[in-house]
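Asks:
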Amino acid sequence: MSDRKKKYRLRRTLAKHRKFSYEVLDYDHIKYAGAAYAKGGFRQFGFEDDLKPKEFRENFIYLVENIYVGGYTLFADTSEGYIPVGMVFMALHSLAVPNVFTASVEWFPWASNRNIIESAVNFYNEVRKEHAVIGYALGDHRKLYEVLAKHGIVRRVGTTYTVFKGDRAAIFETIGL
Numbered sequence: 028m029s030d031r032k033k034k035y036r037l038r039r040t041l042a043k044h045r046k047f048s049y050e051v052l053d054y055d056h057i058k059y060a061g062a063a064y065a066k067g068g069f070r071q072f073g074f075e076d077d078l079k080p081k082e083f084r085e086n087f088i089y090l091v092e093n094i095y096v097g098g099y100t101l102f103a104d105t106s107e108g109y110i111p112v113g114m115v116f117m118a119l120h121s122l123a124v125p126n127v128f129t130a131s132v133e134w135f136p137w138a139s140n141r142n143i144i145e146s147a148v149n150f151y152n153e154v155r156k157e158h159a160v161i162g163y164a165l166g167d168h169r170k171l172y173e174v175l176a177k178h179g180i181v182r183r184v185g186t187t188y189t190v191f192k193g194d195r196a197a198i199f200e201t202i203g204l
């Protein structure tokens, strides 16, 4: 694929005809995570199926404050209006390299494939201007990172067999501007 075609696709996906934004994760956003959990979300983070709202809140706060260094809530146009469609949690990848983060993403159950692709393209395109981000992808998430790679935002840098026990995961990193 030529550079011109890559730029065209990125520009088209980033077109302003659909709203997108992200906000730094804060305590007001826990309600969005709780709604996603109630519809089956957050199982990849080890949340059990039958947590009461207070238990989920406590576990969620622990996750954000003790495992990750921060995060973002992604908002996009949906059939239900302009609402949150996912959360990105950032962990410091290495103490030796302070500007490199590992991202873990939770897409909310109501996010459409279009919401996911447009939000991921917009978010990673913005964040790569200031930070390097590494993502580990299994199955369907790998397909999303491959779409990001076609847009010229990330590149695949390898495979790991140790991050997810017994599973092979593709490793992607953002391409700086």
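Start counting at 1 in the sequence shown, then tack on 27, and there's your number in the numbering used here.
Where is the CB? At the ideal position from N, CA and C, for every residue including glycine.
Source: prediction; values computed, not measured.
Near residue 78, which residues of its chain fall below 8 Å by C-beta distance, leaving aside the five closest residues on each side in sequence?
Replies: Mapped onto the sequence shown, residue 78 falls at position 51. Result list for residue 78: 64 and 86, in chain order.
Asks: Assuming residue 48 contacts residue 102 under a Cβ cut-off of 8 Å, what Cβ separation, rounded to an integer in Å, is found between them?
Replies: As a first step, residue 48 is located in the sequence shown; it is residue number 21 there, counting from the start. As a first step, residue 102 is located in the sequence shown; it is residue number 75 there, counting from the start. The pair is a contact, with the Cβ atoms about 5 Å apart (cut-off 8 Å).
Asks: Leaving out five residues on either side along the sequence, give the residues of the same chain with a beta carbon under 8 Å from the beta carbon of residue 128.
Replies: The residue given as residue 128 occupies position 101 in the sequence shown. Taken in chain order, the residues that qualify are 96, 117, 118, 119, 120, 158, 159, 160 and 161.
Asks: Please report the straight-line C-alpha distance between residue 169 and residue 93, rounded to a whole angstrom.
Replies: What you label residue 169 is simply residue 142 of the sequence shown in a count that begins at 1. What you label residue 93 is simply residue 66 of the sequence shown in a count that begins at 1. The alpha-carbon atoms of residue 169 and residue 93 are separated by roughly 27 Å.
Asks: Would you grab the beta carbon distance between residue 186 and residue 198 for me? Rounded to a whole angstrom, and I think it's under 8 Å.
Replies: As a first step, residue 186 must be located in the sequence shown, where it is residue number 159. As a first step, residue 198 must be located in the sequence shown, where it is residue number 171. Contact holds; Cβ gap of about 7 Å.
Asks: Look at residue 105 and residue 56 and say whether their C-beta atoms are less than 8 Å apart.
Replies: Along the sequence shown, read from residue 1 onward, the residue named residue 105 stands at position 78. Along the sequence shown, read from residue 1 onward, the residue named residue 56 stands at position 29. No, the pair does not count as a contact, with Cβ atoms beyond the cut-off.
Asks: Can you tell me which of 59, 145 and 62 puts its alpha carbon nearest to the alpha carbon of residue 46?
Replies: Residue mapping note: residue 46 aligns to position 19 of the sequence shown, counting from 1. The candidate whose alpha carbon is nearest that of residue 46 is 145.
Asks: Would you check if the distance between the CB atom of residue 184 and the CB atom of residue 201 is smaller than 8 Å?
Replies: For the purposes of this step, residue 184 is identified with residue 157 of the sequence shown, where counting begins at 1. For the purposes of this step, residue 201 is identified with residue 174 of the sequence shown, where counting begins at 1. No; because the gap between Cβ atoms is not below 8 Å, this pair is not in contact.
Asks: Taking its Cβ as the centre, do 16 or more other Cβ atoms sit within 10 Å of residue 193, making it buried, or is it exposed?
Replies: Taking the sequence shown and counting its residues from 1, one reaches residue 193 at position 166. It is exposed - the Cβ of residue 193 has fewer than 16 other Cβ atoms within 10 Å.
Asks: Given that a residue counts as buried once 16 or more other Cβ atoms are within 10 Å of its Cβ, and exposed if not, what is residue 54?
Replies: Position 27 of the sequence shown, counted from the first residue, corresponds to residue 54. Burial call: exposed.
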